[in-house]
């Protein structure tokens, strides 16, 4: 799609809501051309961190750079570099799929809606890549959850971003659609896009992500290449389950096996120190 | 929604006023054996066993009717006057207490323990005003509407002086007084009127800026204009008053404009408007300032209708046209 | 494929509607209570545009140039402004029942008008109405802001409260002061009327439409982005809070200007955007300019009926807009359902 922006570097990002600190001093890298999964238990602050990285919500402190300081860019300029797909994008506006994907060209139009010469090509390509060209004229409010998720992904792709950020893109999808989306994200990463996605399914992350960033209680507790970072010990510490990785007999990729820990050992209950695991 | 409520408020006010103007031909009074007088008033039969002694009047037409009949001492309170009482009755009116400058409430009326509430507008008899007629009746209080203002019982016909005199007779019968002098005086004044014979057309401009509210073809304004020898440009509309677009008025280009003067809408404010609007400033009557002025209280059918016509004729004599 | 069809339809519709609007103005200026021929009317207008002498006398010339033409042009501007403001208000508040007056504007304007008409406050009526509308807007936004972050729901609720208050004060003033038939003016005003529209009204409505309406009509993309929530809008480069404030205030200013010359004409801002949506779809980029055009054509004809149907009497145009508009809208809805 568009030229790679170089690695995404997140440094010391802190997000507060009033007096509560939601994310504290988060730092990690998401390499260009790779799929990086943001992992963590519910409430760890994944969505908040992603919103801050995407520039949708301004962090109290910290920096997000990819060559340039992304947070300092004008909004529209940033929207051409970084696309963000929300966990749930509901609307009551019965726009066609094509019109919704076309919204991705908004950052390229003049403020009062002046024409964008690349719009048609960018929208066609995004719909083809995301696999929604077949229902381009359907009303978006009539789509299934999986179809709508792909439409929003196509909308993000129409922005031709160097960095694609997604919040739980597999949420509410059936297993086939989950695999489809992850393969699509992997392909995009192979094509040079920096892809950062929050995932709640550790198994999917273990099998598909090149890198993982693990968040617990608002802090990054581990980050790095998946095999060396997402260890049974880390899963035990952060998620509170016993884990083991075995090769998937069908694909050969890591397959996560889990069980509840023996009574008495509850390591996930206390926040682990940042030193813990790598 | 609030806007609707506003409209409702305004339409209540509309109803209040629309019912205020109409002519009627109610049946004559029927004195019974016992000396009681029964009238059918706006479709409501009202029986007066004796002449009313304590009367609350609402609107100037009712007050002035009683003053003209020499019954000023029967008025225990008056409300919603349209303007000052003419000089001839000013002395008699001096002692009449005004209970409200607007529509009085039922309590304020009943407090005076009247045996009759006499209104110039039919709409006064509602729960929002002086009370429903049936409710007043159940409390032993008679109600009476100036018949020319009846709208609920029948579609009003074209107003005539015969009807106005009949209405005077009816009120005189209710109060058991002789109105021969008053009628004679009114007829004499009427006979003395020499209508203007120049074939002039007229606009009766009551109020309104965007869409003027004008005297139309069947009520007191038309009767006054006809009597003065003027042709009303709105005579073809079968209503007492009507709204009329500026375009129609400009097209008709009346020779004279009759301006109704009230505290709340003065003749001068209407002159200012006519002269400031580029389209109406070109009207012949405006260019030559051919304005005739009548007080609002004389624009509703009653004892001042004859004098209104006489006043127009006098004012017309002053105008040089052509 | 579908792309050419969906892209071409609004453009064709815009061309057809613009032509219809121009034709409507040309035709309606020849209709009225006064008996004037088409040649006289256009000869008179031509004379004012410097094309030879007027073929009619000064009075008839005044009917065309001082009464009819400014009124028709005001109707076009007000219709366009109200339909546009309604469409934007429905989008920002995500409320199908939103109309341009939602934030207390019409009640505020009415209060301003009543102050002039009944209390004798010595300012020009449009100025007082505009000031009333802006005061209501300020109180509404202040109230919504006092409740926390400005959200559509809070803003609408604050608007309802302000409307109720201003409405109550207006009703109070009417009941307290109305004498004789002075209520008539305020009634005409509350129902909406263009009968007082002169060249000053054309100026007010026209300038507002040009300065506020045109940029607003081009803001469809931003409203589309809002449809998927604030986060998605922000990720598309829209400054969410700032844009919402700007759109709200621009809509309010536009509405205030329109109300100040015409009173609160109902129906146009509420229903016309829905009607346009039923025909061309919900995308705001096409919806906003087309709503404005449809609003202009609709109000020009509605007002022509209001002033000529019962000639020489006149109806407040607000009655006509509802009488014509409601059945037309019902037909559109029924047709839509039978197609679906």
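Protein chains in written order, with the working numbering: chain X, 7 to 284; chain V, 21 to 342; chain Z, 142 to 481. A virtual CB, placed ideally from N, CA and C, is assigned to each residue, including glycine.
Inset, instruction - Please confirm if residue 431 of chain Z has its CB atom under 9 Å from at least one CB of chain V. - result: no
Inset, instruction - Kindly indicate if chain V contains any beta-carbon less than 9 Å away from that of residue 200 of chain Z. - result: yes
Inset, instruction - For chain V, find out if any of its Cβ atoms is closer than 9 Å to the Cβ of residue 388 of chain Z; answer yes or no. - result: no
Legend entry - Proximity winner among V/75, V/83, V/327, V/68, relative to residue 208 of chain V (alpha-carbon distances): Closest by alpha carbon: V/327.
Inset, instruction - State yes or no: is the beta carbon of residue 414 of chain Z nearer than 9 Å to at least one beta carbon in chain V? - result: no
Inset, instruction - Please report the residue range of the alpha helix (DSSP H) in which residue 233 of chain Z lies. - result: 210 to 234
Inset, instruction - Please classify residue 309 of chain V: is it buried, with 16 or more other beta-carbons within 10 angstroms of its beta-carbon, or exposed? - result: exposed
Legend entry - residue 253 of chain V burial status per 10 Å Cβ neighbour count (16 or more: buried): buried
Inset, instruction - Could you confirm whether any beta carbon from chain Z is found closer than 9 Å to the beta carbon of residue 155 of chain X? - result: no
Inset, instruction - Classify residue 100 of chain V as helix, strand or coil using the three-state DSSP reduction. - result: coil
Inset, instruction - Spell out whether any CB of chain V is found under 9 Å from the CB atom of residue 174 of chain Z. - result: yes
Legend entry - Cross-chain neighbours of residue 204 of chain Z in chain V, by beta carbon under 8 Å: 267, 270, 271, 299
Inset, instruction - Classify residue 367 of chain Z as helix, strand or coil using the three-state DSSP reduction. - result: Of the three classes helix, strand and coil, the one that applies to residue 367 of chain Z here is helix, per DSSP.
Inset, instruction - For my contact list, residue 213 of chain X and residue 259 of chain X are in at a C-beta cut-off of 8 Å; report their separation, rounded to the angstrom. - result: 4 Å
Inset, instruction - Look at the alpha carbon of residue 178 of chain X and the alpha carbon of residue 355 of chain Z, and state the distance between them as a whole number of angstroms. - result: When rounded, the separation of the alpha-carbon atoms in residue 178 of chain X and residue 355 of chain Z is 42 Å.
Legend entry - Contact test: residue 195 of chain X Cβ vs the ligand MG heavy atom, cutoff 8 Å: The ligand MG is not among the ligands present in this structure, which contains no ligands whatsoever.
Inset, instruction - Using a Cβ-Cβ cut-off of less than 7 Å, list which residues of the region 442 to 473 of chain Z approach chain B; keep chain order. - result: Protein chains X, V and Z are contained in the structure displayed, whereas chain B is not.
Legend entry - Residues near residue 52 of chain X by beta carbon distance below 7 Å, same chain, minus five either side: 44, 46, 204, 221
Inset, instruction - Flag this pair as yes or no: are the beta carbons of residue 379 of chain Z and residue 368 of chain Z separated by less than 9 Å? - result: no
Legend entry - Cut-off 8 Å between Cβ atoms - residues of its own chain near residue 125 of chain V, not counting five sequence neighbours on either side: 149, 150
Inset, instruction - Helix, strand or coil for residue 344 of chain V, going by three-state DSSP, please let me know. - result: Given a span of 21 to 342 for chain V in the structure shown, any question on residue 344 of chain V remains unanswerable.
Legend entry - Local conformation of residue 34 of chain X per DSSP, three classes: strand
Inset, instruction - Quick one: grab the DSSP three-state call for residue 260 of chain X. - result: strand
Legend entry - Neighbourhood of residue 99 of chain V by C-beta, 6 Å cutoff - its chain only, sequence neighbours within 5 removed: 78, 119, 120, 124
Inset, instruction - Over the uninterrupted alpha helix (DSSP H) stretch that includes residue 119 of chain V, give me the two end residues. - result: In the DSSP annotation of this structure, residue 119 of chain V is not part of any alpha helix (DSSP H); the continuous beta strand (DSSP E) holding it starts and ends at 118 to 120.
Legend entry - Cβ pair residue 252 of chain Z, residue 311 of chain Z closer than 9 Å: yes
Legend entry - Rounded C-alpha distance that separates residue 44 of chain V from residue 164 of chain Z: With a pLDDT of only 40 at residue 44 of chain V, under the threshold of 50, the placement of this residue in the model should not be trusted; the figure read from the coordinates follows. If you take the alpha carbons of residue 44 of chain V and residue 164 of chain Z, they lie about 49 Å apart.
Inset, instruction - Verify whether the separation of the beta carbon atoms of residue 244 of chain Z and residue 296 of chain Z is less than 9 Å. - result: yes
Legend entry - Any chain Z beta carbon closer than 9 Å to residue 227 of chain V: yes
Inset, instruction - On a CA-only basis, which of V/183, V/198, V/197 is nearest residue 325 of chain V? Give me that one, please. - result: V/183
Inset, instruction - With DSSP collapsed to three states, give me the class of residue 200 of chain Z. - result: Correct three-state label for residue 200 of chain Z: helix.
Legend entry - Cross-chain neighbours of residue 6 of chain V in chain Z, by beta carbon under 9 Å: With chain V running from 21 to 342 in the structure shown, residue 6 of chain V is simply not present.
Legend entry - Neighbourhood of residue 24 of chain V by C-beta, 7 Å cutoff - its chain only, sequence neighbours within 5 removed: Note on residue 24 of chain V: pLDDT 43, under 50, position unreliable in the model; no value is reported.
Inset, instruction - Say whether chain V places a C-beta atom closer than 9 Å to the C-beta of residue 318 of chain Z. - result: yes
Inset, instruction - Please list the partners that residue 113 of chain X has in chain Z, where partner means a Cβ-to-Cβ separation under 8 Å. - result: 377, 378
Legend entry - Within-9 Å CB hit, residue 230 of chain V to chain Z: yes
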